[in-house]
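Colleague: What follows is a structure written as structure tokens; I'll ask about it next.
Protein chains: 2
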Amino acid sequence: MVTDPQLYRVLWENERVRVLEYRDVPGDATHLHSHPDSVMVTLSSFQRVISAGGREAQVDLEAGQVRWLDAQEHQGRNVGETATHSVFIELKEPRPGTPRQDAALGPSAS
Amino acid sequence: MVTDPQLYRVLWENERVRVLEYRDVPGDATHLHSHPDSVMVTLSSFQRVISAGGREAQVDLEAGQVRWLDAQEHQGRNVGETATHSVFIELKEPRPGTPRQDAALGPSAS
Chain A
1 MVTDPQLYRV
11 LWENERVRVL
21 EYRDVPGDAT
31 HLHSHPDSVM
41 VTLSSFQRVI
51 SAGGREAQVD
61 LEAGQVRWLD
71 AQEHQGRNVG
81 ETATHSVFIE
91 LKEPRPGTPR
101 QDAALGPSAS
Chain B
1001 MVTDPQLYRV
1011 LWENERVRVL
1021 EYRDVPGDAT
1031 HLHSHPDSVM
1041 VTLSSFQRVI
1051 SAGGREAQVD
1061 LEAGQVRWLD
1071 AQEHQGRNVG
1081 ETATHSVFIE
1091 LKEPRPGTPR
1101 QDAALGPSAS
């Protein structure tokens, strides 16, 4: 919301979660930004490259998929031929215990 | 998962969330069951009646909507002409502070 307000929109929030909608078109890229621990649900298929600190991850998803996103900083680029439409459910409470040591870059299966 | 394992499926879970997929067809109904605080994302349009303790709520949603579900017990019935397809992101951590006093029956806007 801070770095790319034209791509992200807050759908609603309450005490426990904030829900963001993300939409872009091929070629669009985000600035470096941070996510808290989140769940992403894809509402379109898309192909993206996620990058941070010299690492890159290719993300190729169909619509209707649900993925976990470890708290992280990254930037993303739509490298496909379709618009991206997805929602993020951000968890507002701090992660109990210690931070995840094996945080994955980009979305992961759980 | 306990009362209606033919309608719900666990997609994945980790320390913080459990993700369920729900699918049914017109006329299907669930038994009385409980949800923890959850976020629901609709992947189809559907028309349902949610009921609990003599109260009823009509739920009529399009695909791609995101709704909050207060922790609650209820049962649901597909009263429309289309299959239901949705996902639930269940929050595993207990709600901080006191339980919500104005818990809504069925999904709410936030």
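Chains as they are written, first to last, in the working numbering: chain A, 1 to 110; chain B, 1001 to 1110.
The C-beta atom is built at its ideal place from N, Cα and C for all residues, glycine as well.
None of the values given here were measured: they were computed from a predicted structure.
Does any residue of chain B bring its CB to less than 8 Å from the CB of A/Leu-109?
Modeller: Leu is not the amino acid found at residue 109 of chain A; the sequence shown has Ala there. Closer than 8 Å to some Cβ of chain B, the Cβ of A/Ala-109 qualifies, so yes.
Colleague: So, with DSSP's three-state summary, where would you put A/Thr-42?
Modeller: Looking at A/Thr-42 - three-state DSSP - the assignment turns out to be strand.
Colleague: Could you name the residues of the same chain whose beta carbon sits closer than 8 Å to that of A/Arg-95, not counting the 5 residues immediately before and after it, in chain order?
Modeller: So the qualifying residues of the chain are Asp-37, Ala-71.
Colleague: Spell out whether any CB of chain B is found under 8 Å from the CB atom of A/Asp-102.
Modeller: Closer than 8 Å: no.
Colleague: Under the three-state reduction of DSSP, which class applies to B/Asp-1006: helix, strand or coil?
Modeller: One point to set straight first is that residue 1006 of chain B is Gln, not Asp, in the sequence displayed. It is coil, neither helix nor strand.
Colleague: So which of A/Tyr-22, A/Leu-91, A/His-31 has the shortest CA-CA distance to A/Leu-43?
Modeller: Considering only alpha carbons, the answer is A/Tyr-22.
Colleague: Hey, quick one: how far does the beta strand (DSSP E) through B/Glu-1056 stretch, first residue to last?
Modeller: That run of the beta strand (DSSP E) goes 1055-1061.
Colleague: Measuring CB atoms only, is the region 95-108 of chain A touching the region 1047-1065 of chain B, in the sense that at least three cross pairs come out at less than 8 Å?
Modeller: With the cut-off at 8 Å, the region 95-108 of chain A and the region 1047-1065 of chain B do not touch.
Colleague: What is the DSSP secondary structure of B/Asn-1014, counted as helix, strand or coil?
Modeller: The answer is coil: DSSP assigns B/Asn-1014 none of H, G, I, E or B.
Colleague: With a threshold of 8 Å on Cβ separation, who are the neighbours of B/Ala-1052 within its own chain once the five nearest residues in sequence on each side are excluded?
Modeller: Contacts found: Leu-1032, Gln-1072, Glu-1073, His-1074, Gln-1075, Leu-1105.
Colleague: Could you tell me how far apart the beta carbons of A/Val-25 and A/Arg-18 are, in whole angstroms, since I believe they sit closer than 8 Å?
Modeller: About 24 Å separates the two Cβ atoms, so there is no contact after all.
Colleague: Using a Cβ-Cβ distance under 8 Å, would A/Gly-64 count as near chain B?
Modeller: True, the Cβ-Cβ gap to chain B drops below 8 Å.
Colleague: Any heavy atom of the ligand SAH inside 7 Å of the beta-carbon of A/Val-10?
Modeller: Ligands in the displayed structure: none, and consequently the ligand SAH is not present.
Colleague: Contact criterion: CB-CB distance below 8 Å. Does A/Pro-96 meet it with respect to chain B?
Modeller: Yes, because at least one Cβ of chain B sits closer than 8 Å to the Cβ of A/Pro-96.
Colleague: Alpha carbon to alpha carbon, how far is B/Ser-1086 from B/Gly-1080? Give it in angstroms, no decimals.
Modeller: Roughly 15 Å separates the two Cα atoms.
Colleague: Just reading off the beta strand (DSSP E) that B/Val-1066 is part of, what are its end residues?
Modeller: From DSSP, the beta strand (DSSP E) with B/Val-1066 extends over 1066-1069.
Colleague: What is the DSSP secondary structure of A/Leu-105, counted as helix, strand or coil?
Modeller: DSSP places A/Leu-105 in coil when its eight states are reduced to three.
Colleague: Looking at the C-beta of B/Arg-1009, does it have a partner C-beta in chain A at a distance below 8 Å?
Modeller: Not closer than 8 Å to any Cβ of chain A, the Cβ of B/Arg-1009 fails to qualify, so no.
Colleague: For A/Arg-77, report the span of its beta strand (DSSP E) as first-last.
Modeller: Residues 72-78.
Colleague: Do B/Ser-1045 and B/Thr-1082 have their CB atoms nearer than 8 Å?
Modeller: Against a cut-off of 8 Å, the Cβ pair of B/Thr-1082 and B/Ser-1045 comes out as a contact.
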